[in-house]
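One structure below.
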Amino acid sequence: MNRLTTNNRNKTVWPLVMPTWLVLGVFFLLPLGIVFVVSFAQRGAYGELKPVTDFWQHLSSGEFLANYGRSLDPLYLGIGWRSLWIATVTTGLCLLIGYPVAYYIALLARPHRKNLLLALVVVPFWTSFLIRTYAWMLILRTEGLVNTLLLQAGLIGEPLDLLYNEFAVLVGLVYGELPFMVLPIYAALEKLDRSLLEASTDLGAPPWSTFWRVTVPLTMPGIVAGVVLVFIPSLGQFIVSDLLGGSKSILVGNLIQNQFTVARNKPFGAAISFELMAVVLAMLLAYTWYAKRGGGNREI
Amino acid sequence: MKSETCLAPGRVWLAAHAWLVYLFLYAPIVILILFSFNRAKQTAVWEGFTLEWYAKLVRNELILRSVKNSLLVAAITTAVSTVIGTMAALALDRGPARSKLPTQTLLYLPVIIPEIVLGAALVTFFGAVHWRLGLGTVVIAHVVFSISYVAIVVRARLAGFDRSLEEAAMDLGATPVQTFFRVTLPLILPGIVAGALLVFTISIDDYVITSFVAGVGATTLPLQIYSMLKVGVTPEVNAVCALLLVFTVVLIVTAERLLRRSG
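Just so you know, the protein sequences line up as chains F and P, in that order. Per the numbering used here, the first sequence starts with residue 309, numbered consecutively. Per the numbering used here, the second sequence starts with residue 26, numbered consecutively.
And the structure:
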C-alpha cells in the first residue's frame with residue numbers, strides 16, 4: 309500500500325519538474341556548455357569564431373588554452389586582483405557596518421518593531437540596483453549635493469572629486485550589498501540563546517569579552533553566510549564600477565562585458581567568465597563544506 | 026546590576042549607528058525623488074517645485090516605448106515563470122527525497138552564478154543558434170532567472186502547509202485534480218502571487234542580463250535609463266527613476282504583506 313502511493317507520487321512529480329528541466333536545460337545549462345567550449349576557440353577577423361581546421365593540432369599545440377593564457381597577462385591579472393581586493397574591502401565594510409545593525413534589531417529593538425526594522429533593510433534591496441547607484445551620482449558628482457552643501461557652507465573653496473574613483477565604487481557597493489550581510493547575521497542572532505549571554509555576564513565577563521567569546525562564535529554561521537552573499541555579487545558586478553568608477557577603475561565584470569560588446573572577442577570573454585565562475589563556485593563549495601561540517605544549522 | 030549600567034551607553038551607540046545606517050539606506054532614494062521635483066536643471070540647489078520633468082517624460086517617445094517593452098517582457102516573464110516555478114515547487118515539496126537534490130541545485134544555480142556570466146552565456150548561445158536578438162530573447166533570459174525565485178518563494182509557503190486538508194478532501198471523494206484546484210491552490214495562492222510580484226519587479230528592474238540579450242530594437246526601461254545616464258544627468262532621468270522606484274516599492278510591499286498575512 310505504502311509502496312503504491314510512493315510510486316504514484318513519483319509519477320505525478322515528473323511532469324511537474326519537466327518544464328523546469330526543459331527551460332533551464334536548453335536556456336541555461338546548454339548555453340553554459342557552449343560558452344565553455346567557446347572559451348577554447350579563437351576569434352576571427354570580424355569578431356566571429358575562427359573555425360578550427362585541425363582539431364588535434366589545436367589541442368596538441370596548446371592553442372586551445374590561449375585565452376586562459378592571455379588572461380594571465382599582467383594587465384588582466386591586475387584587473388583580477390583589483391576586483392578581488394574591492395570585493396574584499398566591500399565585504400569587510402559591510403560586516404563592520406552590518407553586524408551592529410543586525411545586533412540592534414535582533415537583541416535590542418523592541419519586539420513589535422523588529423519586523424518593521426527588518427523590512428526597512430530589505431525594501432531598498434528589491435528596488436532597481438541601477439537607480440540606487442545612479443542616486444549616488446546625484447550626491448557625489450561635481451555639481452552634486454555634497455559639493456553644493458560644502459561650498460555653500462564655505463567649508464571648501466572648490467568642488468571635491470568624489471565621483472569616478474575607488475571611493476565612489478566602494479560607497480556604491482556597500483550601499484547595494486549591505487542587506488545581504490544584515491539578513492543572515494540577524495537570523496543567527498535571533499536564534500542565539502540569550503541565557504548564554506547572561507551566564508557569561510553572571511560569571512563576571514565584561515561585555516566586550518562576552519561579545520567576542522560568546523556572541524561572535526555562536527553567530528559565525530550567519531557571518532560566513534553574509535560574507536559569501538556579499539563577496540560573490542561584489543566580485544561580478546559591473547554597473548557600480550561603470551557608473552561610479554569611471555573609465556579608470558575597470559573590474560572583471562567590465563572586462564567581460566567589454567569583450568562581448570566593444571572588443572567583440574567572445575572566446576576571451578568566455579574564458580574570463582569561466583574563471584570568474586570558478587572562483588565563485590569554489591567559494592560556494594567551501595561554504596557548503598563549512599556548513600555541513602557543523603557551521604551551525606543555518607538555512608539560506 | 027553592573028552589566029545593566031555597562032550596557033546602557035552601548036545600547037545608545039548601537040541605536041544611533043542603526044539610525045545612521047537607515048539614513049544611509051534611504052537618503053539617496055529620498056534625494057532622488059526630491060530632485061525630480063526640483064526646477065534647477067543642472068545644479069543641486071533647490072530652485073522651486075515643478076512637475077515639468079514628469080510632463081516632459083510623458084511626451085518622450087523613447088521612454089514611452091521602453092516602458093511598453095518592459096511591461097510586456099515583465100508580464101510574459103511573470104506568467105510563464107510563475108506557472109513553471111510553482112510546478113517545480115510542488116514537485117520539490119511532494120517528490121521523493123533522493124530526486125530533490127538535482128532539481129534543487131538546478132534551481133539555485135541561475136540565482137547564484139554572476140549575472141554577467143549568465144548574460145554572456147545566453148548571448149553566445151543565441152549567436153550560436155542564429156537566434157535574432159529582440160524582445161523574445163529578453164523574455165527567455167528573464168524566465169531563466171525568474172523560475173528559481175518563484176520556486177523558492179512558493180516552496181517556503183508549501184512548507185507551512187497542512188497536508189491533512191488535502192487528505193480530508195480526498196477522503197470526502199474529491200479527485201486529485203479537484204483537490205488541487207479547490208484546496209491546495211487557494212491555500213498557496215498568496216505565496217504564488219507574492220512570487221509573481223517579486224519576479225515582475227526583478228524583470229522590470231533587470232539591466233545586466235538584458236543588456237546582453239536585448240539587441241537593437243528591444244530597449245527596455247533600464248536600458249533606456251542607462252543610456253541616458255551615460256550621456257549625462259538630467260532632471261528627466263530623475264523623474265523616470267523616481268516613478269520606477271515608487272512603482273517597485275508598492276509591488277514589494279504588497280508581496281511582503283501577502284506573505285505575512287498568509288504566514
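The beta-carbon is built from N, C-alpha and C at its ideal position, and this holds for glycine as well.
Indicate the three-state DSSP secondary structure (helix, strand or coil) for R601 (chain F) in the structure shown.
Locating residue 601 (chain F) in the first sequence gives position 293, where the first residue counts as 1. In the structure shown, R601 (chain F) sits in coil (DSSP, three-state: anything other than H, G, I, E or B).
Does any residue of chain F have a CB that is nearer than 7 Å to the CB of I58 (chain P)?
Taking the first residue of the second sequence as position 1, residue 58 (chain P) is located at position 33. Not closer than 7 Å to any Cβ of chain F, the Cβ of I58 (chain P) fails to qualify, so no.
Residue range of the unbroken alpha helix (DSSP H) whose run includes P408 (chain F):
Numbered from 1 along the first sequence, position 100 holds the residue referred to as residue 408 (chain F). Note, P408 (chain F): alpha helix (DSSP H), P382 to Y411.
Please go through the same chain and pick out, in chain order, the residues whose beta-carbon is closer than 7 Å to the beta-carbon of V179 (chain P), but skip the five residues on each side of it.
As a working note, residue 179 (chain P) is residue 154 in the second sequence. Only G110, T111, A114, I213, G216, I217 and G220 meet the Cβ criterion.
Return helix, strand or coil for R351 (chain F), following the three-state DSSP convention.
Numbered from its first residue, the first sequence carries residue 351 (chain F) at position 43. R351 (chain F): strand per DSSP, three-state reduction.
Is the Cβ-Cβ distance between T245 (chain P) and I342 (chain F) less than 7 Å?
Position 220 of the second sequence holds residue 245 (chain P). Position 34 of the first sequence holds residue 342 (chain F). Cβ distance not < 7 Å, so T245 (chain P) and I342 (chain F) don't count as in contact.
C-beta neighbour in chain F for T244 (chain P), strict 7 Å:
Residue numbering aside, residue 244 (chain P) sits at position 219 when the second sequence is read from its first letter. At least 7 Å separates the CB of T244 (chain P) from every CB of chain F.
Reducing DSSP to helix, strand and coil, say where L357 (chain F) ends up.
Indexing the first sequence from 1 puts residue 357 (chain F) at position 49. Three-state DSSP puts L357 (chain F) in a strand.
Using a Cβ cut-off of 7 Å (strictly closer), state whether F475 (chain F) contacts chain P.
Here residue 475 (chain F) is taken as the residue at index 167 of the first sequence, counted from 1. With 7 Å as the cut-off, F475 (chain F) does not count as an interface residue toward chain P.
For a quick check, are the C-beta atoms of I493 (chain F) and A410 (chain F) less than 7 Å apart?
Residue 493 (chain F) sits at position 185 when you count from the first residue of the first sequence. Residue 410 (chain F) sits at position 102 when you count from the first residue of the first sequence. Closer than 7 Å, so yes.
Inter-residue spacing [alpha-carbon to alpha-carbon] between I608 (chain F) and P139 (chain P)
Start at 1 with the first residue of the first sequence, and residue 608 (chain F) comes out as number 300. Start at 1 with the first residue of the second sequence, and residue 139 (chain P) comes out as number 114. Confidence in I608 (chain F) is poor, its pLDDT being 40 and thus under 50, which makes the residue's placement unreliable; the coordinate value appears in the next sentence. Near 18 Å, if we compare the C-alpha coordinates of P139 (chain P) and I608 (chain F).
Using DSSP with H/G/I as helix, E/B as strand and the rest coil, what is F74 (chain P)?
Numbered from 1 along the second sequence, position 49 holds the residue referred to as residue 74 (chain P). F74 (chain P) falls in the strand class under three-state DSSP.
Quick check on DSSP: helix, strand or coil for N566 (chain F)?
The count along the first sequence starts at 1 and reaches residue 566 (chain F) at position 258. Residue state, collapsed to three classes: helix.
Taking a contact to mean a Cβ-Cβ separation below 7 Å, would you say G406 (chain F) touches M489 (chain F) in this structure?
As a working note, residue 406 (chain F) is residue 98 in the first sequence. As a working note, residue 489 (chain F) is residue 181 in the first sequence. The answer is yes: Cβ separation under 7 Å.
Per-residue burial, R182 (chain P) [other beta carbons within 10 Å of its own, 16 or more giving buried]:
Stepping through the second sequence from its first residue, residue 182 (chain P) is reached at position 157. Buried, because 16 or more other Cβ atoms sit within 10 Å of the Cβ of R182 (chain P).
Compare the C-beta of I277 (chain P) against all C-beta atoms of chain F and say whether one is closer than 7 Å.
In the second sequence, the residue the question calls residue 277 (chain P) occupies position 252. Yes, I277 (chain P) lies at the interface with chain F (some Cβ there is under 7 Å from its Cβ).
DSSP on N473 (chain F), reduced to helix/strand/coil?
By one-based count along the first sequence, residue 473 (chain F) stands at place 165. In the structure shown, N473 (chain F) adopts coil according to DSSP, grouped into three states.
Given this structure, state the Cα-to-Cα distance separating D609 (chain F) from F576 (chain F), to the nearest angstrom.
Nothing can be reported for residue 609 (chain F): it is not among the residues displayed for chain F, which extend from 309 to 608.
Closer than 8 Å by beta-carbon distance: list the chain P residues that pair up with C353 (chain F), in chain order.
What you label residue 353 (chain F) is simply residue 45 of the first sequence in a count that begins at 1. The sequence shown places Ala at residue 353 (chain F), rather than the Cys named in the question. Ordered by position in chain P, no residue passes the 8 Å Cβ test against A353 (chain F), which lies about 17 Å from the chain.
Three-state secondary structure assigned by DSSP to N85 (chain P):
On the second sequence, position 60 is the one that residue 85 (chain P) refers to. In the three-state reduction of the DSSP assignment, N85 (chain P) falls in the coil class.
With DSSP collapsed to three states, give me the class of N263 (chain P).
To locate residue 263 (chain P), count along the second sequence from 1; it is residue 238. Here N263 (chain P) sits in helix by DSSP.
I need the boundaries of the alpha helix (DSSP H) containing A427 (chain F), first residue and last residue.
In the first sequence, the residue the question calls residue 427 (chain F) occupies position 119. Counting along the chain, the alpha helix (DSSP H) containing A427 (chain F) begins and ends at K422 to W434.
With P247 (chain P) and T235 (chain P) assumed to form a contact (beta carbons below 8 Å), what rounded beta-carbon distance in angstroms separates them?
Here residue 247 (chain P) corresponds to residue number 222 of the second sequence, with the count starting at 1. Here residue 235 (chain P) corresponds to residue number 210 of the second sequence, with the count starting at 1. That belief holds up - the Cβ atoms of P247 (chain P) and T235 (chain P) are roughly 7 Å apart, short of 8 Å.
Apart from the five residues just before and just after P432 (chain F), which ones in its own chain have a Cβ nearer than 6 Å to its Cβ?
Indexing the first sequence from 1 puts residue 432 (chain F) at position 124. Cβ-Cβ distances below 6 Å link P432 (chain F) to nothing in the same chain once the five nearest sequence neighbours on each side are left out.
What did DSSP end up calling N573 (chain F) once you bin it into helix, strand or coil?
In the first sequence, counting from the first residue as 1, residue 573 (chain F) sits at position 265. Reduced to three states, the DSSP call for N573 (chain F) is coil.
Completely contained alpha helix (DSSP H) runs for the stretch 229-275 of chain P, where each covers 4 or more residues
Counting only runs of 4+ residues, the alpha helix (DSSP H) found wholly inside the stretch 229-275 of chain P occupies 233-238 and 246-256, in chain order.
Nonlocal neighbours in the same chain, by C-beta distance under 8 Å from G544 (chain F), ignoring five residues either side:
Here residue 544 (chain F) is taken as the residue at index 236 of the first sequence, counted from 1. So the list reads V560, G561, L584 and V588, once near-sequence residues are dropped.
From this set, P:A145, P:G161, P:R90 and P:Y174, which residue's C-alpha is nearest L338 (chain F)'s C-alpha?
Walking along the first sequence from the start, residue 338 (chain F) turns up at place 30. For L338 (chain F), the nearest C-alpha among the options comes from P:A145.
Is the CB of L115 (chain P) under 7 Å away from at least one CB in chain F?
Counting from one through the second sequence, the residue named residue 115 (chain P) turns up at place 90. Closer than 7 Å to some Cβ of chain F, the Cβ of L115 (chain P) qualifies, so yes.
With which residues is N63 (chain P) paired in a DSSP beta bridge?
By 1-based counting over the second sequence, the position of residue 63 (chain P) is 38. Checking the DSSP bridge columns, you'll see N63 (chain P) partnered with P:F74.
Counting only C-beta atoms, is I387 (chain F) closer than 7 Å to chain P at any point?
The residue labelled residue 387 (chain F) in the question sits at position 79 within the first sequence. Between I387 (chain F) and chain P, the shortest Cβ-Cβ separation is not below 7 Å.
State the CB to CB distance for the pair R207 (chain P) and A193 (chain P), rounded to an integer number of angstroms; the pair is presumed to be in contact (CB under 8 Å).
Numbered from its first residue, the second sequence carries residue 207 (chain P) at position 182. Numbered from its first residue, the second sequence carries residue 193 (chain P) at position 168. A Cβ-Cβ separation of about 12 Å leaves R207 (chain P) out of contact with A193 (chain P) under the 8 Å criterion.
Is it true that the CB of A414 (chain F) sits closer than 7 Å to the CB of E485 (chain F)?
Within the first sequence, residue 485 (chain F) is the residue found at index 177, counting from 1. Within the first sequence, residue 414 (chain F) is the residue found at index 106, counting from 1. If you check the CB distance, E485 (chain F) and A414 (chain F) do not come in under 7 Å.
Comparing the C-beta of S95 (chain P) with each C-beta of chain F, is any distance below 7 Å?
The count along the second sequence starts at 1 and reaches residue 95 (chain P) at position 70. Taking Cβ atoms only, chain F never reaches closer than 7 Å to S95 (chain P), which makes this a no.
Candidates P:T68, P:P127 and P:A116: closest to K460 (chain F) by CA position
Taking the first residue of the first sequence as position 1, residue 460 (chain F) is located at position 152. First, the residue type needs correcting, since residue 460 (chain F) is Gln and not Lys in the sequence shown. That would be P:T68, whose Cα lies nearest to the Cα of Q460 (chain F).
6 Å Cβ shell around G386 (chain F) - same chain, five flanking residues per side excluded
Here residue 386 (chain F) corresponds to residue number 78 of the first sequence, with the count starting at 1. Excluding positions up to five away in sequence, the list is empty.
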